[in-house]
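Our numbering puts the sequence shown at residues 299 to 468. All residues carry an ideal CB built from backbone N, CA and C; glycine is no exception. Down below is the structure, laid out as structure tokens.
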Amino acid sequence: MKKLEDLILTYKDFPKKGIDFKDVLEILQYPDIFQDLILKMSSTQFLKNAEAIISIDARGFIFGSAVALESSKPMLVARKPGKLPGQLLTREYDLEYGKNSLSIQCNALKKFDSFVIVDDLLATGGTVNCVSKLLHDQRKETLGLLTVVELKELKGRSKLDFPVQSMVTI
299 MKKLEDLILT
309 YKDFPKKGID
319 FKDVLEILQY
329 PDIFQDLILK
339 MSSTQFLKNA
349 EAIISIDARG
359 FIFGSAVALE
369 SSKPMLVARK
379 PGKLPGQLLT
389 REYDLEYGKN
399 SLSIQCNALK
409 KFDSFVIVDD
419 LLATGGTVNC
429 VSKLLHDQRK
439 ETLGLLTVVE
449 LKELKGRSKL
459 DFPVQSMVTI
């Protein structure tokens with residue numbers, strides 16, 4: 299029988315040489331394991347205390363939407379450039395292999411004050427920190443991070459000032 303850890307695949311030198319990309323998409327091919335994962339992610343106390351979830355582009359949407367459904371919480375999205383219409387809040391961040399930015403729709407953000415961020419993977423903490431800073435700049439609170447995988451050696455958790463719940467630590 300497969301376990302969650304068995305379904306996290308590694309692709310060497312992707313998206314560039316020297317990066318070992320951790321791919322969580324295999325989990326979606328095992329509905330029983332995916333369901334157990336979502337139930338565990340949905341049971342954290344900081345999620346219960348949050349008004350809404352904010353999921354990070356793109357794999358975070360998969361897990362965030364399932365957690366939002368299971369926990370009956372509204373979900374917002376943080377998207378990469380050129381993907382959202384309307385008035386946006388945007389912030390740039392550093393990746394292990396470059397730079398990028400994330401945007402959140404202003405109108406959606408106005409409705410809520412406390413959030414849990416959901417993403418597939420915590421590495422250096424750049425994307426999560428970007429979203430948290432966007433929220434903070436608008437006087438919104440980040441209550442925690444829910445993630446499927448955490449790459450412990452990259453110490454992303456140490457850059458965050460809120461609780462982190464990772465389902466698998468590598």
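Between the beta-carbon of Thr440 and the beta-carbon of Tyr391, is there less than 8 Å?
Here the question's residue 440 lines up with position 142 in the sequence shown. Here the question's residue 391 lines up with position 93 in the sequence shown. No, the Cβ-Cβ distance between Thr440 and Tyr391 is not below 8 Å.
Go ahead and pull the three-state DSSP assignment for Thr425.
As a first step, residue 425 must be located in the sequence shown, where it is residue number 127. It is helical.
Under 8 Å between the Cβ atoms of Val447 and Ile468?
As a first step, residue 447 is located in the sequence shown; it is residue number 149 there, counting from the start. As a first step, residue 468 is located in the sequence shown; it is residue number 170 there, counting from the start. In this structure, Val447 places its C-beta atom within 8 Å of the C-beta atom of Ile468.
Report buried or exposed for Leu374, applying the criterion of at least 16 other Cβ atoms within 10 angstroms of its Cβ.
Here residue 374 refers to the residue found at position 76 of the sequence shown. Label assigned to Leu374: buried.
Rounded straight-line distance, which links the Cα of Met299 to that of Asp330:
As a working mapping, residue 330 is identified with position 32 in the sequence shown. As a working mapping, residue 299 is identified with position 1 in the sequence shown. Asp330 and Met299: Cα-Cα distance of roughly 11 Å.
Consult DSSP for Lys397 and reduce its assignment to one of helix, strand or coil.
If you number the sequence shown from 1, residue 397 lands on position 99. Here Lys397 sits in strand by DSSP.
Between the Cα of Gln403 and those of Phe332, Ser412, Ala376 and Asp418, spot the shortest distance and give me the residue it belongs to.
Along the sequence shown, one-based indexing puts residue 403 at 105. Nearest of Phe332, Ser412, Ala376 and Asp418 to Gln403, Cα basis: Ala376.
Quick one: give me the first and last residue of the alpha helix (DSSP H) that Glu368 is part of.
For the purposes of this step, residue 368 is taken as residue 70 along the sequence shown, with counting starting at 1. Counting along the chain, Glu368 sits inside the alpha helix (DSSP H) bounded by residues Arg357 to Ser369.
Give me whichever residues DSSP pairs with Thr342 in a beta bridge.
Along the sequence shown, one-based indexing puts residue 342 at 44. DSSP lists no partner for Thr342.
Between Ser412 and Lys438, what straight-line distance do the alpha-carbon atoms span, to the nearest angstrom?
As a working note, residue 412 is residue 114 in the sequence shown. As a working note, residue 438 is residue 140 in the sequence shown. Approximately 6 Å between the Cα atoms of the pair.
Grab the span of the beta strand (DSSP E) containing Leu441 for me, first residue to last.
Within the sequence shown, numbered from 1, the residue matching residue 441 stands at position 143. Glu439 to Glu448 is the extent of the beta strand (DSSP E) around Leu441.
For Leu393, is the classification buried or exposed, using 16 other Cβ atoms within 10 angstroms of its Cβ as the cut-off for buried?
Position 95 of the sequence shown, counting from 1, holds the residue named residue 393. With fewer than 16 Cβ atoms within 10 Å of its Cβ, Leu393 is classed as exposed.
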